[in-house]
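Participant: Right, I'll just put the structure down here and ask away after.
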Amino acid sequence: VPGSGSVQFGPDGTRALITAKETSAGTTTTRIAMFNAATGNQIGTTLVLNGDGSVEYGPDATRVLITTDVYDSGTASHTTQVTMFNTTTGTRTGTLSLIGSPYALDPVFSPDGTRALITTTVYDPAATLHTSRVTMLNTATAGQIGTTFTFTGPEVARTTWSADGTRALITTIPTQYNSVPSPALVAVIDTAGSQVGTTHTLPGMPDYGDGPVWSPDGTRVLIRTVVVNVATGINTTQVTTINTTTGTQTGTPVTLTSSAFGGRTVWIPNGNRAMITAGDKVAVINATTGSQTGSTVTINGIPSAPVFSADGSRALIATQTDVTVIDTTTGTRIGTTFTLTSPRPIVILLTADGTHALVTTDRRGIGTAAVPTTPVAVIDLTTGTQIGSTLNLIGDTYASPAFTLNGTRALIATSADNPTNGISTTRVTTIDTATGSPTGATLTLSGALASGVGNPLRVVLSPDGTRALVATI
Numbered sequence: 006v007p008g009s010g011s012v013q014f015g016p017d018g019t020r021a022l023i024t025a026k027e028t029s030a031g032t033t034t035t036r037i038a039m040f041n042a043a044t045g046n047q048i049g050t051t052l053v054l055n056g057d058g059s060v061e062y063g064p065d066a067t068r069v070l071i072t073t074d075v076y077d078s079g080t081a082s083h084t085t086q087v088t089m090f091n092t093t094t095g096t097r098t099g100t101l102s103l104i105g106s107p108y109a110l111d112p113v114f115s116p117d118g119t120r121a122l123i124t125t126t127v128y129d130p131a132a133t134l135h136t137s138r139v140t141m142l143n144t145a146t147a148g149q150i151g152t153t154f155t156f157t158g159p160e161v162a163r164t165t166w167s168a169d170g171t172r173a174l175i176t177t178i179p180t181q182y183n184s185v186p187s188p189a190l191v192a193v194i195d196t197a198g199s200q201v202g203t204t205h206t207l208p209g210m211p212d213y214g215d216g217p218v219w220s221p222d223g224t225r226v227l228i229r230t231v232v233v234n235v236a237t238g239i240n241t242t243q244v245t246t247i248n249t250t251t252g253t254q255t256g257t258p259v260t261l262t263s264s265a266f267g268g269r270t271v272w273i274p275n276g277n278r279a280m281i282t283a284g285d286k287v288a289v290i291n292a293t294t295g296s297q298t299g300s301t302v303t304i305n306g307i308p309s310a311p312v313f314s315a316d317g318s319r320a321l322i323a324t325q326t327d328v329t330v331i332d333t334t335t336g337t338r339i340g341t342t343f344t345l346t347s348p349r350p351i352v353i354l355l356t357a358d359g360t361h362a363l364v365t366t367d368r369r370g371i372g373t374a375a376v377p378t379t380p381v382a383v384i385d386l387t388t389g390t391q392i393g394s395t396l397n398l399i400g401d402t403y404a405s406p407a408f409t410l411n412g413t414r415a416l417i418a419t420s421a422d423n424p425t426n427g428i429s430t431t432r433v434t435t436i437d438t439a440t441g442s443p444t445g446a447t448l449t450l451s452g453a454l455a456s457g458v459g460n461p462l463r464v465v466l467s468p469d470g471t472r473a474l475v476a477t478i
């Protein structure tokens, strides 16, 4: 295949797709060829396309969507040529021409692969504005479905699908750095390529690190935007609930203010609620009503991802030094904030029945300085309080604790080096999760905790959980 390019294998490895490009006199030509990976024989004929092309496989790998950016020097305009390619026959199944350039945005397939959303944009340097267009494509024929959605001002930030593929969401980025400001926009579309409800205008910038969060059933989507006040240094995070069945906003947006950046929106298991963190603030939102549940909780520092109990009724939030337990049904803090002093990040693990949490610190990584002790504590999730006292185990932990099947025991292996003779000692401590105290004697072994196939630096339990294997070297 003439030109320089790349080879992409399908998910099952039986097909190889070659994309090759050649540029001459400012014009780029893209060639696409499919080969049988077992025989090396070409499938179908080589496809020759005008423009700089990119390739995207559909979910089932039977269809490939090719977008080529065709530039007309006479009019200084871009056209996006969309081509559907059948990987079984190696033939083109259809084409569609769209106004604007692909703008380095990949097509977004529906979960079943029957639809794809294509985003193109035309930039007006005089007005410093983008006209962004989103088109829905039938991937069997490359025919357009419904109408093209046009947004003048913002660039299309992203398009996402619900898990069942019945709805898609378009969110846009405000052009706040251009001379003409524009808002963040949100629109819901269905599989017929029609808009559901009206376009929503949201304040601030979409949170790049936290995209739209769909409910498990796809009927709600939570959208997070952030407004930064440069004068005060306060960030206002707003989470808006959109009913994707009707395309309307549900309730009043939940607002959190903090001087710190960062945060996320996480769906709570087994329910209609989500947890929002923004800087040092935490809140629970009821997606059915779109309103906040309980009051905002202030924590000490920036949190890691929440850890939820199996039924979703409890959430544990860890910062660098503290752990807070939140009742997600009421949105309130329960018990007292638990503090763990260590230079390592806090790690939270739940027992099998979800009634207790074991709190310790992250394992030692390669090149990380050793610590003399590893703190371990147990928290009762019903009350949010610590059970027993914090244990300080001698040495470093190199792996996560191992729980018995019933969750009543946790085994933790720590290793410490003797700086004088360089000999390591490994200790295995068994903790009763009901009392938070050690049970039995600590097992001491010469050498460092060993790794191997199926044993990556950890305690290995027997299938019935009555025996444990620890190896040192």
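For what it's worth, the numbering used here labels the leading residue of the sequence shown as 6, then goes sequentially.
Yeah, the Cβ is synthetic: ideal placement off N, Cα and C, and Gly gets one too.
Model, not experiment: these values are computed from the prediction.
Taking all protein chains shown into account, do 16 or more other C-beta atoms lie within 10 angstroms of the C-beta of D77, making it buried, or fewer, making it exposed?
Facilitator: Exposed.
Participant: Can you tell me whether I428 is buried or exposed? The criterion is at least 16 other CB atoms within 10 Å of its CB, across all chains shown.
Facilitator: Exposed is the call here.
Participant: Who are the Cβ neighbours of Q391 in its own chain at under 6 Å, not counting the five residues just before and after it?
Facilitator: The answer, listed in chain order, is F343, A382, I384.
Participant: Going by Cα to Cα distance, which pick from T257, G284, H205, W272 is closest to I239?
Facilitator: Comparing Cα positions, the closest option is G284.
Participant: Can you list, in chain order, the residues of its chain with a C-beta nearer than 6 Å to that of T365? Leave out the 5 residues immediately preceding and following it.
Facilitator: If we look at T365 and ignore the five residues flanking it on each side, its Cβ neighbours are V352, V381.
Participant: Whether or not the segment 213-227 and the segment 133-148 are in contact is what I'm after, with contact meaning three or more pairs of Cβ atoms, one per stretch, closer than 8 Å; do they touch?
Facilitator: The segment 133-148 vs the segment 213-227: no contact.
Participant: Give the DSSP-derived three-state secondary structure of G79 in the structure shown.
Facilitator: G79 falls in the coil class under three-state DSSP.
Participant: Since A421 is in the beta strand (DSSP E), which residue starts that stretch and which ends it?
Facilitator: Taken as a continuous stretch (DSSP letters only), the beta strand (DSSP E) holding A421 covers 414-422.
Participant: Buried or exposed for R432, going by 16 or more other Cβ atoms inside 10 Å?
Facilitator: That one is buried.
Participant: Per DSSP, what are the beta-bridge partners of A43 in this structure?
Facilitator: Paired residue(s): none; A43 is not in a bridge.
Participant: Using DSSP's beta-bridge definition, name the partner residues of Y403.
Facilitator: According to DSSP, which records beta bridges pairwise, Y403 is partnered with nothing at all.
Participant: Would you identify the three-state DSSP class for N55, choosing helix, strand or coil?
Facilitator: In the structure shown, N55 sits in a strand (DSSP, three-state: E or B).
Participant: Hey, is the segment 142-161 in contact with the segment 120-134, meaning 3+ C-beta pairs nearer than 8 Å?
Facilitator: Touching, yes, given that three or more Cβ pairs across the two stretches are closer than 8 Å.
Participant: Quick check on DSSP: helix, strand or coil for F266?
Facilitator: Residue state, collapsed to three classes: coil.
Participant: Relative to the C-alpha of I399, which candidate in P377, V226, V161 has its C-alpha closest?
Facilitator: It is P377.
Participant: Quick check on N426: does DSSP put it in helix, strand or coil?
Facilitator: Residue state, collapsed to three classes: coil.
Participant: Taking DSSP as the reference, what is the three-state secondary structure of G336?
Facilitator: Reduced to three states, the DSSP call for G336 is coil.
Participant: Does the beta-carbon of T19 have 16 or more other beta-carbons within 10 angstroms, so that it is buried, or is it exposed?
Facilitator: Exposed, by the Cβ-count rule.
Participant: Does DSSP put D74 in a helix, a strand or coil?
Facilitator: Looking at D74 - three-state DSSP - the assignment turns out to be strand.
Participant: Do G256 and T196 have their beta-carbon atoms positioned less than 8 Å apart in this structure?
Facilitator: Contact flag unset, no.
Participant: Is the segment 296-306 close to the segment 329-342, with three or more CB pairs under 8 Å?
Facilitator: Touching, per the Cβ criterion.
Participant: Who are the Cβ neighbours of A323 in its own chain at under 7 Å, not counting the five residues just before and after it?
Facilitator: Within the same chain, A323 has close Cβ partners P308, S309, I351, I353.
Participant: Okay, do the segment 35-52 and the segment 87-102 touch, 3+ Cβ pairs below 8 Å being the bar?
Facilitator: The segment 35-52, when compared against the segment 87-102, does touch it at the 8 Å Cβ threshold.
Participant: Per the DSSP calculation, Y108 is bridged to which residue(s)?
Facilitator: Paired residues: none, contrary to the question.
Participant: In this structure, how does DSSP classify V458 when only helix, strand and coil are distinguished?
Facilitator: Because V458 carries a pLDDT of 47, less than 50, the predicted location of this residue cannot be relied on, and the following value inherits that uncertainty. DSSP places V458 in coil when its eight states are reduced to three.
Participant: Along the beta strand (DSSP E) that carries P380, what are the first and last residues, could you check?
Facilitator: Where P380 is concerned, the enclosing beta strand (DSSP E) stretches over 378-385.
Participant: Using C-beta distances below 6 Å, list every residue in its chain close to G10, excluding the 5 sequence neighbours before and after it, in chain order.
Facilitator: Result list for G10: T24, A25, K26, in chain order.
Participant: Using a Cβ-Cβ cutoff of less than 6 Å, which residues in the same chain neighbour V113 once the five nearest sequence positions on both sides are dropped?
Facilitator: The residues are L122, T164.
Participant: Does the pairing of the segment 223-232 with the segment 241-260 give three or more beta-carbon distances under 8 Å?
Facilitator: With the cut-off at 8 Å, the segment 223-232 and the segment 241-260 touch.
Participant: On a Cα-Cα basis, can you pick out the residue from S314, T326, T171 that is closest to D332?
Facilitator: That would be S314, whose Cα lies nearest to the Cα of D332.
Participant: Can you have a look at S106 and say buried or exposed, based on whether 16 or more other CB atoms are within 10 angstroms of its CB?
Facilitator: Its Cβ being crowded by 16 or more others within 10 Å, S106 is buried.
Participant: Within this structure, are the beta carbons of Y108 and T84 separated by less than 8 Å?
Facilitator: No, Cβ-Cβ distance for Y108 and T84 is not below 8 Å.
Participant: Out of G45, V60, A30, point me to the one whose CA is closest to Q503's CA.
Facilitator: The question about residue 503 has no answer here: the residues shown for the chain are numbered 6 through 478.
Participant: Kindly give me the distance between the Cβ atoms of P49 and Q86, rounded to whole angstroms, as I take these residues to be in contact under 8 Å.
Facilitator: The residue asked about is misnamed: residue 49 is Gly in this sequence, not Pro. That belief does not hold up - the Cβ atoms of G49 and Q86 are roughly 19 Å apart, past 8 Å.
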